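*Asks:*
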Amino acid sequence: MKRSSGVRLCAAAVAGALSFALVTGCSQGDARHSGPASKALGAAELKQRIIARGEVPGFQVQPVPATRARPITTDSARCRPLARVMSGLPPLDAAAKTDRLAMENQKKAPSTKPTSLDDLDEGKFKEAMQKSLDRDVTTVTLASYDGEGAGKALESVRTAVPACASGFSAVQAGTKMKFTKVVEEKATSTGDGVVAFAATTDTDEGDPAPVHAEVVRVGNTLAGYFTTNLGSMMGKKAYVVSPAVVKAQQAKLK
């Protein structure tokens, strides 16, 4: 059955407008101070503290692939910390950092098993595409700072959320994009300070496509989380920063 070009190109539109996605803000605690001056952890120490394979139920943990590691850049200095967090980078340069990708296990597959997507009618094609992409993909970044650096880095995100509420322009891998709004969200964790936000862009068909992030401070270490779910975006379903990922990672920082 010949389906409409809008549905046929749905996945392509989402992928095109959200190439960065393969690639949340309620504020809790006091992010302005890191406590007594302290020395940053080294890269080797951070690697011991970041989640590893088998430590997050329902998720596959692996190195961050190059397709997701392409940085998002912006000419807006006040919004740059948000772009960096969504790039899997610490909001401000850190003494040391490391990262991992946590991908949710595939959910129940579609009941129909055609030889190709062209054998599906328009409705079933869209349903199959949504289900195949309906999984959280979360980049986890650990960054360590000397002295008051972690508090200052978290404060840069806290300040950027309201300052960038009306959105900002950005570029990733040569592709221009426009975040239409940034809003505060309830954080999943607490720590010594936390900021959570959602940033929304639009697909080529004009549908809103939100992505979610959260930054948590534990002493002089920041844990950044950036979650996307293309299936939820296509189905216009709400999703959040993966709670299981945050829980597992924060447990390793205590």
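All the letters of the sequence shown, read from the start, carry residue numbers -21 to -1, 1 to 233 under mature numbering (1 follows the signal peptide of the UniProt record, and there is no 0). Here a beta-carbon is modelled for each residue, glycine too, at the ideal position from N, C-alpha and C. Just so we're clear, the structure is a prediction, and the values are computed from it rather than from any experiment.
Please state whether DSSP places Val136 in a helix, a strand or coil.
*Replies:* Val136 falls in the helix class under three-state DSSP.
*Asks:* Any idea if Val(-8) is buried or exposed, counting beta-carbon neighbours within 10 angstroms, 16 or more meaning buried?
*Replies:* Residue placement at Val(-8) is poorly supported in this model, since its pLDDT is 43, which falls under 50; the coordinates are not used for a value here.
*Asks:* Could you give the DSSP three-state label for Val224: helix, strand or coil?
*Replies:* Note: Val224 maps to helix in three-state DSSP.
*Asks:* In this structure, how does DSSP classify Arg57 when only helix, strand and coil are distinguished?
*Replies:* Looking at Arg57 - three-state DSSP - the assignment turns out to be coil, as it is neither helix nor strand.
*Asks:* Looking at C-beta atoms only, is the number of pairs between the stretch 156 to 163 and the stretch 194 to 204 that lie closer than 8 angstroms three or more?
*Replies:* Output reads no: the stretch 194 to 204 does not touch the stretch 156 to 163.
*Asks:* Whole angstroms are fine: how far does the CA of Glu83 sit from the CA of residue 258?
*Replies:* Nothing in the structure corresponds to residue 258, since the chain is present only between -21 and 233.
*Asks:* Between the Cα of Val224 and the Cα atoms of Thr117, Asp113, Leu25, which residue gives the shortest distance?
*Replies:* Checked all of Thr117, Asp113, Leu25; the closest Cα to Val224 is Thr117.
*Asks:* Throw me the rounded Cβ distance for the Pro189 and Ala178 pair, which I believe falls under 8 angstroms.
*Replies:* Rounded, the Cβ-Cβ distance is 7 angstroms, consistent with contact.
*Asks:* If we count the other Cβ atoms within 10 Å of its Cβ and call it buried at 16 or more, is Thr3 buried or exposed?
*Replies:* Summary for Thr3: the model assigns pLDDT 32, below 50, so the residue's position carries little reliability; its value from the coordinates is reported in the next sentence. Thr3 should be labelled buried.
*Asks:* Can you say whether Ser135 is buried or exposed, counting buried as having 16 or more other CB atoms within 10 angstroms of its CB?
*Replies:* Buried: at least 16 other Cβ atoms inside 10 Å.
*Asks:* Excluding the five sequence neighbours on either side, which residues of its own chain have a C-beta within less than 8 angstroms of the C-beta of Ile29, listed in chain order?
*Replies:* Same-chain partners within the cutoff: Thr77, Asp78, Arg79, Val119, Leu121, Gln228, Lys231.
*Asks:* Does DSSP put Val2 in a helix, in a strand, or in coil?
*Replies:* Confidence is the limiting factor: at Val2 the pLDDT is only 38, short of 50, which leaves the residue's position unreliable, though a coordinate-based value still follows. Correct three-state label for Val2: coil.
*Asks:* Using the three-state DSSP reduction, which class does Ala22 fall into: helix, strand or coil?
*Replies:* In the structure shown, Ala22 sits in a helix (DSSP, three-state: H, G or I).
*Asks:* Quickly, what does DSSP pair Ser148 with across the bridge? List them, please.
*Replies:* DSSP lists Lys157 as partners of Ser148.
*Asks:* Please look up how many angstroms separate the CB atoms of Val64 and Gly203, rounded, as I've assumed it's under 8 angstroms.
*Replies:* Confirmed, Cβ separation roughly 5 angstroms.
*Asks:* Can you give me the C-alpha to C-alpha distance between Ala56 and Val219, rounded to a whole angstrom?
*Replies:* Going from the Cα of Ala56 to the Cα of Val219 covers about 26 angstroms.
*Asks:* Who are the Cβ neighbours of Gln39 in its own chain at under 6 angstroms, not counting the five residues just before and after it?
*Replies:* The residues are Met82.
*Asks:* Where DSSP assigns a beta bridge to Gln39, which residues make up the other side?
*Replies:* Met82.
*Asks:* For Lys131 versus Leu209, is the C-beta spacing smaller than 8 angstroms?
*Replies:* Their beta carbons are not under 8 angstroms apart, which means Lys131 does not touch Leu209 by this criterion.
*Asks:* Tell me the DSSP secondary structure of Ser211 in three-state form.
*Replies:* It is helical.
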